[in-house]
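Here's the structure, in structure tokens; my notes come after.
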Amino acid sequence: MNLNEKKGQMTMFIIIAIVIVFGIIVYYIVREGIGIGGIPAELEPVFDYYTFCIEQETRAAVQLAGSQGGYVEVPDYFPGSEYAPFSSHLNFLGFPVPYWYYISGNGLIKEQVPLKRDIEEGIAGYVEENLGNCDFSSFYVQGYDIELDRASASVEIFDNEVNVNVDSDLTVSKGEVSGRRTEHNIEIGSKLGKFYNLARKIYEKEKNDAVFDVYAADVLRLYAPVDGVEISCSGKIWKTQDVLDELKRGLEANIGAIKFKGNYYNLNNKKDEYYIIDVGENVDENINLIYSRTMPTKVEIVGEGVDNELMIASPVGLQEGLGILGFCYAPYHFVYDVSFPILVQIYNNDEIFQFPVVAIIDNNVVREAIFSELEEEPSSGFDLCEFVTQDIGVNLYDANLNNVNGDVIYQCFNQRCNLGKSANGRFIGKAPACLNGELIVRAEGFADKSEAFSSNSQSSIDIILDRLYNVNLDLLVGGKNLEGTAIISFVDSDGKSVSTLLPDVSGVKLSEGSYTLTVYVYGNSSITIPSSKRTQCQEVPRSGIFGFFGATKEECFDINIPETTIEYALRGGGKGDVYLLPSQLESGKLTIYAEELPIPKSLEELQYNYASFESMEASVQ
Numbered sequence: 007m008n009l010n011e012k013k014g015q016m017t018m019f020i021i022i023a024i025v026i027v028f029g030i031i032v033y034y035i036v037r038e039g040i041g042i043g044g045i046p047a048e049l050e051p052v053f054d055y056y057t058f059c060i061e062q063e064t065r066a067a068v069q070l071a072g073s074q075g076g077y078v079e080v081p082d083y084f085p086g087s088e089y090a091p092f093s094s095h096l097n098f099l100g101f102p103v104p105y106w107y108y109i110s111g112n113g114l115i116k117e118q119v120p121l122k123r124d125i126e127e128g129i130a131g132y133v134e135e136n137l138g139n140c141d142f143s144s145f146y147v148q149g150y151d152i153e154l155d156r157a158s159a160s161v162e163i164f165d166n167e168v169n170v171n172v173d174s175d176l177t178v179s180k181g182e183v184s185g186r187r188t189e190h191n192i193e194i195g196s197k198l199g200k201f202y203n204l205a206r207k208i209y210e211k212e213k214n215d216a217v218f219d220v221y222a223a224d225v226l227r228l229y230a231p232v233d234g235v236e237i238s239c240s241g242k243i244w245k246t247q248d249v250l251d252e253l254k255r256g257l258e259a260n261i262g263a264i265k266f267k268g269n270y271y272n273l274n275n276k277k278d279e280y281y282i283i284d285v286g287e288n289v290d291e292n293i294n295l296i297y298s299r300t301m302p303t304k305v306e307i308v309g310e311g312v313d314n315e316l317m318i319a320s321p322v323g324l325q326e327g328l329g330i331l332g333f334c335y336a337p338y339h340f341v342y343d344v345s346f347p348i349l350v351q352i353y354n355n356d357e358i359f360q361f362p363v364v365a366i367i368d369n370n371v372v373r374e375a376i377f378s379e380l381e382e383e384p385s386s387g388f389d390l391c392e393f394v395t396q397d398i399g400v401n402l403y404d405a406n407l408n409n410v411n412g413d414v415i416y417q418c419f420n421q422r423c424n425l426g427k428s429a430n431g432r433f434i435g436k437a438p439a440c441l442n443g444e445l446i447v448r449a450e451g452f453a454d455k456s457e458a459f460s461s462n463s464q465s466s467i468d469i470i471l472d473r474l475y476n477v478n479l480d481l482l483v484g485g486k487n488l489e490g491t492a493i494i495s496f497v498d499s500d501g502k503s504v505s506t507l508l509p510d511v512s513g514v515k516l517s518e519g520s521y522t523l524t525v526y527v528y529g530n531s532s533i534t535i536p537s538s539k540r541t542q543c544q545e546v547p548r549s550g551i552f553g554f555f556g557a558t559k560e561e562c563f564d565i566n567i568p569e570t571t572i573e574y575a576l577r578g579g580g581k582g583d584v585y586l587l588p589s590q591l592e593s594g595k596l597t598i599y600a601e602e603l604p605i606p607k608s609l610e611e612l613q614y615n616y617a618s619f620e621s622m623e624a625s626v627q
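So the sequence shown is numbered by the working numbering: it starts at 7 and just counts up by one.
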């Protein structure tokens with residue numbers, strides 16, 4: 007027998023020996039009832055239940071994180087204000103969802119985007135806290151003795167799974183049999199990691215490029231009067247509330263139509279490509295963008311002829327000296343500040359990840375992009391309202407010196423701080439230190455009141471509020487009941503205007519005080535201005551080297567003015583200064599007197615009416 011044959015026999019003996027030893031081990035494991043991992047088989051149900059409990063708590067934590075913008079435990083709540091109606095959380099179907107980007111109650115931009123490690127720590131903390139609720143009672147009645155130490159958990163989030171490692175000493179015994187396990191590892195299928203990464207890409211796109219805000223700006227110009235010209239000799243009137251409602255309906259429909267470049271939808275029309283946003287990858291998960299008109303929304307409109315009731319574009323071309331125009335037009339330019347929440351939902355089957363942001367239109371234009379690194383604490387500017395150091399007292403009264411309860415707000419520079427509510431007419435609290443600040447008080451049934459207040463030198467102030475009265479208006483034109491349409495405006499000493507459109511809306515809210523009363527009365531007309539052509543010339547830069555040095559030339563072009571029918575013409579009105587007493591307002595009714603004008607039958611007569619209007623009077627009985 008050679009050396010190689012001897013080595014082959016030796017190898018065979020070794021293999022046989024290993025098989026025999028393994029068989030003996032298996033025999034004794036079976037005979038002694040030892041399960042996987044050294045746990046006796048009859049104790050395995052207890053350990054299996056604990057693993058199941060870890061899995062259930064992990065799934066609950068993952069679900070919370072997905073539905074709450076990555077937060078298992080939502081951050082502290084900060085309320086909004088009338089100035090900025092966004093709290094730190096969006097109330098969605100009764101559940102708080104922290105904003106990733108919003109405007110605080112005092113008007114500062116805030117970010118609260120969790121990092122992935124924050125989500126992992128949140129899930130781990132939830133598991134640790136809730137594993138103590140695992141119910142072993144069914145095992146106790148079966149004779150098991152169970153000892154469980156406090157758990158320590160660590161979590162790793164991947165695209166399609168979440169891994170949890172729980173360090174917890176679990177000892178189980180029954181009779182003469184016992185088992186012990188200190189590490190418990192589970193893996194659950196979840197797209198939390200994938201959803202979060204996609205959410206971050208969507209958020210970065212919105213934050214840096216303001217893509218949602220761009221759509222909002224387009225909606226604004228499609229659904230609301232912003233700037234333009236109406237060919238009209240009677241002006242143009244919009245009801246402010248109707249404009250607000252139509253704008254919200256437009257936002258609701260168009261925000262919901264936005265998609266992200268990918269394969270989770272089918273385009274029915276090529277025009278729908280307008281709604282596609284590219285985030286740098288093809289999206290293969292379902293995404294919804296939600297805005298509802300019931301969500302907190304801020305819309306402020308300013309411009310000449312704007313108040314809470316009406317938006318008025320006054321006609322040009324009828325004033326004295328403008329008769330050569332040969333036509334009338336009503337130009338308008340309204341400025342909007344709009345901010346509203348958008349909830350981004352990423353979902354697949356029964357799993358969801360959602361987060362809200364606030365879209366912002368500032369003075370008719372999209373907000374500027376924001377650049378910041380989320381790996382660091384985001385900078386949100388100096389928050390004055392976090393430094394309330396001055397003790398102040400505010401006493402609120404009505405005209406009869408009765409106590410009034412209301413909200414107290416302090417404005418310093420461009421920040422507003424909600425200080426709180428008065429109790430029994432008295433507010434005692436703290437305000438930021440400020441020179442030449444302003445106290446603003448709002449109380450139900452009273453007109454808003456503001457008073458200059460330097461909190462660094464003043465400690466108390468008394469504020470008397472003017473009660474608001476609901477008043478119905480009757481209008482007599484030349485001693486006769488109104489025939490047609492009338493615009494009635496009350497402008498107080500602070501320049502605040504209250505308007506109404508008769509006969510559509512007869513009620514207004516007024517308080518005691520001085521007002522400038524203005525009444526415009528319009529009636530049916532059949533004046534026709536024939537079509538015409540006019541030539542208009544203007545100086546434009548020359549081309550070439552001469553234009554570079556500022557040389558210009560005259561260019562002329564024709565303007566075709568279409569035939570215009572004036573359906574409503576100025577038929578009466580007037581102006582006057584009035585002081586409204588509580589005794590007048592308490593009656594709930596005011597009768598207004600205005601002068602009458604002849605029915606115009608030509609453009610010249612209509613111009614005469616407008617010229618006469620300036621000397622006409624209006625008064626209140």
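From the three backbone atoms N, C-alpha and C, an ideal C-beta is built for every residue, glycine too.
As the structure is a computational prediction, the values presented were derived from the model and not from experiment.
Inspect the beta-carbon positions of Leu-507 and Cys-239 and report whether they are closer than 8 Å. Mapped onto the sequence shown, residue 507 falls at position 501. Mapped onto the sequence shown, residue 239 falls at position 233. With contacts defined by Cβ atoms closer than 8 Å, Leu-507 and Cys-239 do not form a contacting pair.
Return the chain-ordered list of same chain residues with a C-beta closer than 6 Å to the C-beta of Val-5, the five sequence neighbours on each side being excluded. Nothing about residue 5 can be reported from this structure: the residues present for the chain run from 7 to 627 only.
Would you report the Cα separation of Ile-261 and Gly-195, rounded to the nearest angstrom? What you label residue 261 is simply residue 255 of the sequence shown in a count that begins at 1. What you label residue 195 is simply residue 189 of the sequence shown in a count that begins at 1. Between Ile-261 and Gly-195, the C-alpha separation is close to 32 Å.
Measuring straight from C-alpha to C-alpha, what distance separates Arg-37 and Glu-357? Taking the first residue of the sequence shown as 1, we reach residue 37 at position 31. Taking the first residue of the sequence shown as 1, we reach residue 357 at position 351. Bear in mind that the predicted position of Arg-37 carries a pLDDT of just 40, short of 50, making it unreliable; the figure below should be weighed with that in mind. Here the alpha carbons of Glu-357 and Arg-37 stand approximately 45 Å from one another.
Following the continuous alpha helix (DSSP H) through Asn-401, name the residue where it begins and the one where it ends. The sequence position of residue 401 within the sequence shown is 395, counting from 1. Unbroken run through Asn-401 is the beta strand (DSSP E), 394-403; no alpha helix (DSSP H).
Tell whether a beta-carbon distance below 8 Å holds between Gln-421 and Asn-112. Counting from one through the sequence shown, the residue named residue 421 turns up at place 415. Counting from one through the sequence shown, the residue named residue 112 turns up at place 106. Annotated as proximal: Gln-421 and Asn-112, with beta-carbon spacing under 8 Å.
So if DSSP puts Cys-2 in a beta bridge, which residue, or which two residues, is it bridged to? The requested residue 2 does not occur in the structure, where the chain is confined to residues 7 to 627.
Quick check: what's the CA-CA separation for Gly-519 versus Ser-495? Translated into the one-based positions of the sequence shown, residue 519 becomes position 513. Translated into the one-based positions of the sequence shown, residue 495 becomes position 489. Gly-519 and Ser-495: Cα-Cα distance of roughly 14 Å.
How far does the beta strand (DSSP E) with Ser-618 in it extend, from its first residue to its last? Counting from 1 along the sequence shown, the entry for residue 618 is found at position 612. From DSSP, Ser-618 is part of no beta strand (DSSP E) but of the alpha helix (DSSP H) over 609-619.
By how many angstroms is the C-alpha of Ile-283 removed from the C-alpha of Leu-273? Sequence index remark: in the sequence shown, residue 273 carries index 267 (1-based). Sequence index remark: in the sequence shown, residue 283 carries index 277 (1-based). Going from the Cα of Leu-273 to the Cα of Ile-283 covers about 13 Å.
If you draw a straight line from the C-alpha of Glu-306 to the C-alpha of Asp-155, how long is it? Locating residue 306 in the sequence shown gives position 300, where the first residue counts as 1. Locating residue 155 in the sequence shown gives position 149, where the first residue counts as 1. The alpha-carbon atoms of Glu-306 and Asp-155 are separated by roughly 58 Å.
To which residues of the same chain is Glu-623 closer than 6 Å at the C-beta, ignoring the five residues directly before and after it? Walking along the sequence shown from the start, residue 623 turns up at place 617. The beta carbon of Glu-623 is closer than 6 Å to those of Gly-580 and Gly-582 in its chain, skipping five residues each way along the sequence.
Return the chain-ordered list of same chain residues with a C-beta closer than 6 Å to the C-beta of Met-630, the five sequence neighbours on each side being excluded. Beyond the ends of the chain as shown, which are 7 and 627, falls residue 630; an answer cannot be given.
Alpha-carbon spacing of Asn-355 relative to Leu-198, whole angstroms: By one-based count along the sequence shown, residue 355 stands at place 349. By one-based count along the sequence shown, residue 198 stands at place 192. Each residue's alpha carbon lies about 13 Å from the other.
In terms of residue numbering, what span does the alpha helix (DSSP H) encompassing Lys-207 cover? Numbered from its first residue, the sequence shown carries residue 207 at position 201. Unbroken alpha helix (DSSP H) run through Lys-207: 198-215.
C-alpha distance - Arg-227 paired with Val-371, whole-angstrom precision: Translated into positions along the sequence shown, residue 227 becomes position 221. Translated into positions along the sequence shown, residue 371 becomes position 365. Separation of Arg-227 and Val-371 (C-alpha to C-alpha, rounded to the nearest whole angstrom) is 11 Å.
Please report how far the alpha carbon of Gly-100 lies from the alpha carbon of Gly-412, in whole angstroms. Residue numbering aside, residue 100 sits at position 94 when the sequence shown is read from its first letter. Residue numbering aside, residue 412 sits at position 406 when the sequence shown is read from its first letter. Roughly 27 Å separates the two Cα atoms.
Just reading off the alpha helix (DSSP H) that Ile-129 is part of, what are its end residues? Here residue 129 corresponds to residue number 123 of the sequence shown, with the count starting at 1. Counted as a single uninterrupted DSSP element, the alpha helix (DSSP H) harbouring Ile-129 occupies residues 122-136.
In this structure, does DSSP put Ala-223 in helix, strand or coil? Taking the sequence shown and counting its residues from 1, one reaches residue 223 at position 217. Correct three-state label for Ala-223: helix.
My guess is that Val-527 and Arg-577 are in contact by the Cβ rule of under 8 Å, so how many angstroms apart are they, rounded? Residue numbering aside, residue 527 sits at position 521 when the sequence shown is read from its first letter. Residue numbering aside, residue 577 sits at position 571 when the sequence shown is read from its first letter. Rounded, the Cβ-Cβ distance is 5 Å, consistent with contact.
Residues that Asp-468 bridges to, as DSSP identifies them: For the purposes of this step, residue 468 is taken as the residue at position 462 of the sequence shown. Among the bridge pairs identified by DSSP, Asp-468 is matched with Asn-401.
Is DSSP giving Ile-307 helix, strand or coil here? Counted from its first residue, the sequence shown places residue 307 at position 301. Reduced to three states, the DSSP call for Ile-307 is strand.
Which class does Leu-474 belong to by DSSP, given the choice of helix, strand or coil? Here residue 474 refers to the residue found at position 468 when the sequence shown is read from its first residue. Coil at Leu-474, not helix or strand.
Using DSSP with H/G/I as helix, E/B as strand and the rest coil, what is Glu-592? Position 586 of the sequence shown, counting from 1, holds the residue named residue 592. Helix.
For a test of the three-state rule: what should DSSP assign to Glu-167, helix, strand or coil? Counting from 1 along the sequence shown, the entry for residue 167 is found at position 161. The answer is strand: DSSP assigns Glu-167 an E or B state.
Counting pairs of beta carbons, one from the stretch 145-154 and one from the stretch 113-127, are three or more of them closer than 8 Å? With contact defined as three or more Cβ pairs closer than 8 Å, the stretch 145-154 and the stretch 113-127 are not in contact.
Quick one: is Val-147 buried, meaning 16 or more other Cβ sit within 10 Å of its Cβ, or exposed? Taking the sequence shown and counting its residues from 1, one reaches residue 147 at position 141. With a 10 Å radius around the Cβ and a threshold of 16 neighbouring Cβ atoms, Val-147 comes out exposed.
Separation of Val-172 from Gly-185, as counted between CA atoms: Along the sequence shown, one-based indexing puts residue 185 at 179. Along the sequence shown, one-based indexing puts residue 172 at 166. If you take the alpha carbons of Gly-185 and Val-172, they lie about 17 Å apart.
What separation, rounded to the nearest whole angstrom, lies between the Cα atoms of Ala-617 and Ala-263? Numbered from 1 along the sequence shown, position 611 holds the residue referred to as residue 617. Numbered from 1 along the sequence shown, position 257 holds the residue referred to as residue 263. Rounded to whole angstroms, Ala-617 to Ala-263 spans 51 Å at the Cα level.
Beta-carbon proximity check, Asn-294 vs Gln-351, cutoff 8 Å: Here residue 294 refers to the residue found at position 288 when the sequence shown is read from its first residue. Here residue 351 refers to the residue found at position 345 when the sequence shown is read from its first residue. Yes, they are a contact pair.
Distance, Val-235 Cα to Asp-343 Cα: Numbered from 1 along the sequence shown, position 337 holds the residue referred to as residue 343. Numbered from 1 along the sequence shown, position 229 holds the residue referred to as residue 235. Distance between the alpha carbons of Asp-343 and Val-235 is about 21 Å.
If we count the other Cβ atoms within 10 Å of its Cβ and call it buried at 16 or more, is Lys-242 buried or exposed? Reading the sequence shown from its first residue, position 236 is the one you call residue 242. A residue is called buried once 16 or more other Cβ atoms fall within 10 Å of its Cβ, and Lys-242 is buried on that count.
Buried or exposed for Ser-3, please, with buried defined as at least 16 other CB atoms from any protein chain shown within 10 angstroms of its CB. One cannot answer for residue 3 here, as it falls past the ends of the chain, which runs 7 to 627.
Taking just the CA atoms, how far does Arg-65 sit from Glu-252? Sequence index remark: in the sequence shown, residue 252 carries index 246 (1-based). Sequence index remark: in the sequence shown, residue 65 carries index 59 (1-based). Going from the Cα of Glu-252 to the Cα of Arg-65 covers about 42 Å.
Please list the segments of the alpha helix (DSSP H) lying wholly inside the stretch 46-111, counting only runs of 4 or more residues, in order along the chain. Within the stretch 46-111, the complete alpha helix (DSSP H) runs of at least 4 residues are 50-73.
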